[in-house]
Amino acid sequence: MNNSGKTSARIGMVNYINMAPIYEKWKATVNRDDWQLVEATPAVLNKKLAGGQVDLGFVSSYEYGVHAENYKVLSGLSISANGPVGSVFLFSHVPLDQLDNAPVLLSSQSETSVCLVKIILEEFNNVHPKYETGDVLTALKKDYKALLAIGDDALRLVDTSIFLYQFDLGDIWKRETGLPFVFAVCAVREGFCAEHSETLIEIHRELLRCRDEGKTELKSVCAIAAPRIPMTEKRCYEYLLAIEYDLGGQKRKALETFFEYLIKRGDIGSNALPVKIISNLY
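First residue of the sequence shown: 0, per numbering that gives the first Met the number 0; consecutive thereafter.
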């Protein structure tokens, strides 16, 4: 509790460029000393939310699914793509159907993308590689037939990769299911929902505002974010245009479809469905 009498909140945000439209607007316009921002990769934020080190934040969709009893999902917020995402790739020396028993490196930065690539390989293409998990940039020096790269690592590899094939996982999912793919949701710990509902309403409102303003002012966001990769502002703009941040009906259906696959595979429990959406705003 701070001097104003308001309970502090710890809010997790992914430190990838795909979060920039929300994150840069937040940094520029939200001035709340009682709200602590925690930046990290999706995998680290997953652990922090599960361990109670953050109260809410953008985490891998898988993290919600595997610990659904502990969380609710804030309405209207996600990191999604309705087709090619541009930053979640399986880089491969051979076509997908030739990866059976082949060594494949999986990024350690996002469980959702790991689950998605396994669905694509095993369920859609009936191949079962030999998976290893590790650092993508280190793995480039080793003899893998394919590797999964996500986020800023993937954006850097697109132009410099020695791999013959670059498979965009969002594109493959769209072709196979007809649905967008929800890579991340804004999950809230159940206890925080119950104990700090007014604070949650304020944070939710600010996140939605940043989402809308960030997309409207995308070119100015790109001017700030592009040098991080580095990439041109034009390429950054084209990339971020394909990222969607809402959680409308089609995306909820997509999330449920993803969870249905994971439940069938035994990766998560059946309590992941139905998805618990919380909204005090609309």
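Ideal Cβ positions, reconstructed from N, Cα and C, are used throughout, including at glycine.
Same chain only: Cβ atoms within 8 Å of ALA271, ignoring 5 sequence neighbours per side: The sequence position of residue 271 within the sequence shown is 272, counting from 1. Cβ within range, chain order: TYR63, GLY64, VAL65, ALA67, PHE258, LEU261 and ILE262.
Quick check on the DSSP output: the beta strand (DSSP E) that includes LEU55 runs from which residue to which? On the sequence shown, position 56 is the one that residue 55 refers to. Counting along the chain, the beta strand (DSSP E) containing LEU55 begins and ends at 55-59.
Contiguous alpha helix (DSSP H) assignments of at least 4 residues, all confined to the region 175-206: Listed in chain order, they are 189-194.
Candidates PHE90, PHE123 and GLN249: closest to ARG174 by CA position: One-based indexing of the sequence shown puts residue 174 at position 175. Nearest of PHE90, PHE123 and GLN249 to ARG174, Cα basis: PHE123.
Could you give the C-beta distance for ALA288 and VAL72, rounded to a whole number, given that I count them as a contact under 8 Å? The question about residue 288 has no answer here: the residues shown for the chain are numbered 0 through 281.
Skipping 5 residues on each side, what residues in its chain have a beta carbon closer than 8 Å to that of VAL181? Residue mapping note: residue 181 aligns to position 182 of the sequence shown, counting from 1. For VAL181, where only same-chain residues beyond five positions count, the Cβ hits under 8 Å are SER60, SER77, ILE78, SER79, LEU246, LYS250, ALA253, LEU254 and PHE257.
At a cut of 8 Å, does the region 20-37 reach the region 217-233 through at least three beta carbon pairs? Output reads yes: the region 217-233 touches the region 20-37.
Measure the C-alpha to C-alpha separation of ILE202 and GLU189 and round it to an integer number of angstroms. As a working mapping, residue 202 is identified with position 203 in the sequence shown. As a working mapping, residue 189 is identified with position 190 in the sequence shown. Their backbone Cα atoms lie some 15 Å apart in a straight line.
Using the Cα positions of VAL29 and ASN125, report the straight-line distance between them to the nearest angstrom. Locating residue 29 in the sequence shown gives position 30, counting from the first residue. Locating residue 125 in the sequence shown gives position 126, counting from the first residue. The alpha-carbon atoms of VAL29 and ASN125 are separated by roughly 48 Å.
Could you pull the start and end residues of the alpha helix (DSSP H) that GLY248 belongs to? As a first step, residue 248 must be located in the sequence shown, where it is residue number 249. Going by DSSP, GLY248 is part of the alpha helix (DSSP H) stretching over 248-264.
What residue does the alpha helix (DSSP H) around ASP167 start on, and which one ends it? If you number the sequence shown from 1, residue 167 lands on position 168. Per DSSP, ASP167 is not a residue of any alpha helix (DSSP H); the beta strand (DSSP E) it occupies stretches across 164-167.
Is GLU35 helix, strand or coil when you go by DSSP? By one-based count along the sequence shown, residue 35 stands at place 36. Per the sequence presented here, residue 35 reads as Gln, with Glu not at that position. Correct three-state label for GLN35: strand.
Taking Cβ positions, are LEU146 and VAL135 nearer each other than 8 Å? Residue 146 sits at position 147 when you count from the first residue of the sequence shown. Residue 135 sits at position 136 when you count from the first residue of the sequence shown. Result yes, Cβ atoms of LEU146 and VAL135 sit closer than 8 Å.
Measuring alpha carbon to alpha carbon, tell me which of LYS117, GLU38, GLY75 and TYR15 ends up nearest ARG264. By one-based count along the sequence shown, residue 264 stands at place 265. The shortest Cα separation from ARG264 among LYS117, GLU38, GLY75 and TYR15 belongs to LYS117.
How long is the line joining the alpha carbons of THR132 and ASN69, rounded to whole angstroms? Counted from its first residue, the sequence shown places residue 132 at position 133. Counted from its first residue, the sequence shown places residue 69 at position 70. Going from the Cα of THR132 to the Cα of ASN69 covers about 26 Å.
Report the option in ASP32, GLY56 and TRP34 whose CA atom is closest to the CA atom of VAL43. Residue mapping note: residue 43 aligns to position 44 of the sequence shown, counting from 1. For VAL43, the closest alpha carbon among the candidates ASP32, GLY56 and TRP34 is that of GLY56.
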